[in-house]
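Peer 1: One line per chain: the protein sequences are A and B, in this order. Anchor point for the first sequence: position 194 equals 195 in our numbering, and the numbering is continuous, going up by one each time. Anchor point for the second sequence: position 192 equals 231 in our numbering, and the numbering is continuous, going up by one each time. Dumping the structure here so I can ask a few things about it.
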Amino acid sequence: MSSVPENGTPIRNELFAGRVRSAWLFLTPMIVTLLIVAAWPLSRSIWFSFSDASLGHFRDAQFYGIKNYFKTITMDSGAIHHFGVLVDPAWWNAVYNTFRFGIVSVTLETVLGLAVALVLNANFKGRGFVRAAILIPWAIPTVVSAKIWGWMLNDQLGIFNDILLRLHIISEKIAWTADSNYSMFTIVMVDTWKTLPFMALLILAGLQQIPGDVYEAAEVDGVHPLSVFWNITLPLVRPALMVAVIFRMLDALRIFDLVYILTPNSSQTKTMAVISRENMFDFDKLGYGSAESTVLFLILLITVIAYIKIGRVNLEGNN
Amino acid sequence: MANVQLRDVHKSFGATHIIKGIDLEIAHGEFVVFVGPSGCGKSTLLRMIAGLEDITSGEISIKDRVVNDLPPKDRGIAMVFQSYALFPHMTVRQNVGFGLKINNTPPAELESRVNEAARILKMENLLDRKPSQLSGGQRQRVAIGRAIVRNPEVFLFDEPLSNLDAALRVNTRAEIAKLHNDLGATMIYVTHDQVEAMTLADKIVVLEAGKIRQVGSPLELYHKPNNLFVAGFIGSPKMNFMEVEAVSSSASGVIIKSADFTEQRIPVAKGNVKAGDKLTLGIRPENMRADTKGDLKISGKMELVEHLGHETFVEAKTKSGVSFTGLIDGETLVKLGQDMALSFKANDCHLFDAAGEAVHRLKVPEIVHA
């Protein structure tokens, strides 16, 4: 009882020191792991983006300045040409593709996911089974499901075209993955199929946080079900919804596997991650590809920060 | 007149029979409390009156109109929930006015009705706060405000005080009693707390396992319980029950004896009590006195002594192993482990037959009928 803090700072006693020690003890494995699997590759990638690294020589890569990002070359003829990621039309096309894909697919997944979650939140027989079953598309590795969809959507042999033809919905077979008019639609459709369950279950968790008596109070007030949805369900599920959307948005903006397997080499669907891998490994421009990866990283970072600020997302878990 | 009538009301959830035939008349302006242990069906019954649960069979009418198939909003009721059920994303003003706004009440009228409710509940200064910025008692007041603006014929309360601390509970209880006085509306109130029931009710309905065990005014239930269940449930601390045997019965009462008592006449109606019947004697702890001046004496060893100040609660065990409690004068000198005799008047005794039904008392305090 002797150590009363004079200026309001906490008492630094043995108990406090012990707590700090155990906090560090628990955090250390996590920090070390993050350093190895996140900080190290990320910093290597950023270093490569400022170097002339290629697959053949990346250990002895030389510092190259910002030339991977932007460089100006003056030809003998006097003509000035700009090169680098920041002025590369192929790159900006990939950025456009990625955001188009991200916004369309996440919007679709959110709306459909909310609908599915509302259904799953209702009381019906076999609800537990349906909740588990709906996770199957999410549980299958993307490589496998992308291959399955690839076969189903095959322009000559696919079951998809066969069914649509028999139903007279289309008059001739469509090359879903190869035709530039359909490839983006195809990617969005398959991605929605795959991640809808994840979205639905995240939203369902949010819905189940809403106490039932709030709905009963609305029922006593005679509030129309649609109005209950707009005025009560939606505002109350919003925090869960915002977190679910940001998870999905991050996933969507770095999409790689689905595009790489289903529609390789289509400029309609090539995303940031696909084009940066292509530069690194197919074209052996490790530095250039790394520069693209670094820009991808910055774009994601800015998107997330903007989303959190604008959406006032509460990530700290307090009210 | 907003009277409420229940006729042979049943409710089953699947194969589980919850409400087993309830008949009840509630007059306009009456304050009726449903009380009973948890699982007795009191909340279910209230929710059936509200229209939140449907009725398996029977008939419920409000204001002489059968409401079995009417949705809650058309029944002229308002309900206050145990956990308040406030909309967390709305301010108090929006919470209270939500039902009106949704039903297209003109803004000016909405405003004045919300303000009127706030005035009645003295919460004008809270109107722009969110529920998370309110204390439990304030939240409960908002929930009541939401009920008031609807101008209901019947208020339904589902254990509204059970989430409040003891001091606040007493305050809010008084506020609800005052509200009933001011509004003059019919109120039906569910609680498991017999003190709330005693203090608030014009009429108490004691439920056990989906059946009504007794309906009556608080003092009727206290002084003339119909059966062992009601006798044990109403009154705190709980009534003492002791096994006795009938020696003889006559128009002036039943003479009883037991291992702990000498023969004594208890003034109850003879009923069909015969000599040799096993009976249960009931005596309330507060009718015990710490001397031997009463008609019946019982002595035992003190196993628990709680000094409450103006009175002392004791629990003792007789030589034959019967436990009994007493609420005695606070200035009595009594110690743990001490042997002591308590006594009580024959007029204060209750008798119950082997089936647990009361043998009617002949001498009941006049206040019951006043």
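We treat Cβ as the ideally placed atom computed from N, Cα and C, and that holds for glycine. Keep in mind it's a predicted model, so treat the numbers as computed, not measured.
So who's on the other strand from B/LEU45, going by DSSP bridges?
Peer 2: B/LEU63, B/ILE99
Peer 1: Spatial neighbours of A/SER268 within its chain, please: CB distance less than 7 Å, with the 5 preceding and 5 following residues excluded, ordered by chain position.
Peer 2: Closer than 7 Å at the Cβ level, and outside the excluded window around A/SER268, lie ASN94.
Peer 1: List the residues of chain B that A/ALA241 touches, going by C-beta distances under 8 Å, in chain order.
Peer 2: Those do not exist, as A/ALA241 stays about 13 Å from chain B at its closest Cβ, beyond 8 Å.
Peer 1: In chain A, which residues lie with their C-beta within 7 Å of the C-beta of B/ALA89?
Peer 2: VAL221
Peer 1: Roughly how many angstroms separate the alpha carbons of A/VAL275 and A/LEU113, rounded to a whole number?
Peer 2: Taking the straight line joining both Cα atoms gives about 27 Å.
Peer 1: In whole angstroms, give me the CA-to-CA distance for B/LEU125 and B/LEU375.
Peer 2: 50 Å
Peer 1: Using a cut-off of 7 Å between C-beta atoms, extract the partners of A/ILE204 located in chain B.
Peer 2: Those within 7 Å of A/ILE204 in chain B number zero; the least Cβ separation is about 17 Å.
Peer 1: Can you have a look at A/ASP192 and say buried or exposed, based on whether 16 or more other CB atoms are within 10 angstroms of its CB?
Peer 2: buried
Peer 1: For A/MET185, which residues of its own chain have a beta-carbon under 6 Å away from its beta-carbon, when the five flanking residues on both sides are left out?
Peer 2: GLN269, THR270
Peer 1: Assuming B/MET19 and A/VAL221 make a contact with CB atoms under 8 Å, what is their CB distance in whole Å?
Peer 2: A query on residue 19 of chain B cannot be resolved here, the shown segment of chain B reaching from 40 to 409 and no further.
Peer 1: In whole angstroms, what is the alpha-carbon distance linking B/LEU366 and B/ASP47?
Peer 2: 41 Å
Peer 1: How close, in whole Å, do the beta carbons of B/ARG212 and B/LEU195 come, if the pair is a contact with beta carbons under 8 Å?
Peer 2: Actually they do not touch by this definition, with Cβ atoms about 17 Å apart.
Peer 1: Could you tell me whether the region 200-212 of chain A touches the region 292-304 of chain A, where touching means 3 or more Cβ pairs closer than 8 Å?
Peer 2: no
Peer 1: Skipping 5 residues on each side, what residues in its chain have a beta carbon closer than 8 Å to that of B/GLY53?
Peer 2: none
Peer 1: Output yes if chain A places a C-beta closer than 7 Å to the C-beta of B/ALA157; else output no.
Peer 2: no
Peer 1: For B/LEU267, collect the residues of the same chain with a Cβ closer than 6 Å to its Cβ; drop the 5 residues on either side in sequence, then sort them by chain order.
Peer 2: PHE391, GLY395
Peer 1: Are there 16 or more other CB atoms within 10 angstroms of the CB of B/GLN172, so buried, or fewer, so exposed?
Peer 2: exposed
Peer 1: Could you tell me which of B/ASN154, B/PRO191, B/LEU207, B/ARG189 sits nearest to B/GLN434, measuring between CA atoms?
Peer 2: Outside the modelled stretch of chain B, which goes from 40 to 409, sits residue 434 of chain B, for which no answer is possible.
Peer 1: May I have the straight-line CA-CA distance separating B/SER77 from B/LYS59, to the nearest angstrom?
Peer 2: 16 Å
Peer 1: Can you tell me which of the three DSSP states A/VAL131 falls into?
Peer 2: helix
Peer 1: Count the other CB atoms within 10 Å of the CB of B/ALA314; is the residue buried (16 or more) or exposed (fewer)?
Peer 2: exposed
Peer 1: For the beta strand (DSSP E) holding A/HIS83, just list the boundary residues, first then last.
Peer 2: 81-84
Peer 1: Assuming B/LYS336 and B/GLU282 make a contact with CB atoms under 8 Å, what is their CB distance in whole Å?
Peer 2: Between B/GLU282 and B/LYS336 the Cβ distance is about 17 Å, and since that is not below 8 Å, they are no contact.
Peer 1: Output yes if chain B places a C-beta closer than 7 Å to the C-beta of A/GLU217; else output no.
Peer 2: yes
Peer 1: In three-state DSSP terms, what is A/THR75?
Peer 2: Strand, per DSSP.
Peer 1: Would B/VAL106 be called buried (16 or more neighbouring beta carbons within 10 Å of its own) or exposed?
Peer 2: buried
Peer 1: For the beta strand (DSSP E) holding B/MET129, just list the boundary residues, first then last.
Peer 2: From DSSP, B/MET129 is part of no beta strand (DSSP E); its letter is neither H nor E.
Peer 1: If you compare alpha carbons, which of B/ASP330, B/ALA224, B/ILE141 is closest to B/GLN68?
Peer 2: Looking at the sequence itself, residue 68 of chain B is Gly, so the reference to Gln does not match. Nearest of B/ASP330, B/ALA224, B/ILE141 to B/GLY68, Cα basis: B/ALA224.
Peer 1: What's the gap between the Cα of A/ARG278 and the Cα of A/ASN69?
Peer 2: 15 Å
Peer 1: Output, in chain order, the set of chain B residues within a Cβ distance shorter than 9 Å of A/PRO236.
Peer 2: PHE126, PRO127, HIS128, MET129
Peer 1: Is the shortest distance between the beta-carbon of A/VAL229 and the beta-carbons of chain B less than 7 Å?
Peer 2: Judged by the 7 Å Cβ criterion, A/VAL229 is not in contact with chain B.
Peer 1: For A/LEU302, which residues of its own chain have a beta-carbon under 6 Å away from its beta-carbon, when the five flanking residues on both sides are left out?
Peer 2: none
Peer 1: Quick one, which of B/ASN190, B/VAL209, B/GLN253 has its alpha-carbon nearest B/GLY138's?
Peer 2: B/ASN190
Peer 1: Of the residues A/ASN162, A/LEU28, A/PRO142, A/PHE51, which one's Cα is nearest the Cα of A/VAL86?
Peer 2: Residue A/PHE51 is the option with its Cα nearest to A/VAL86.
Peer 1: Give the residues of chain B in contact with A/PRO212, contact being defined as C-beta atoms less than 8 Å apart.
Peer 2: SER122, ALA124
Peer 1: Just to confirm, is the Cβ distance from B/LEU203 to B/GLY184 under 7 Å?
Peer 2: no
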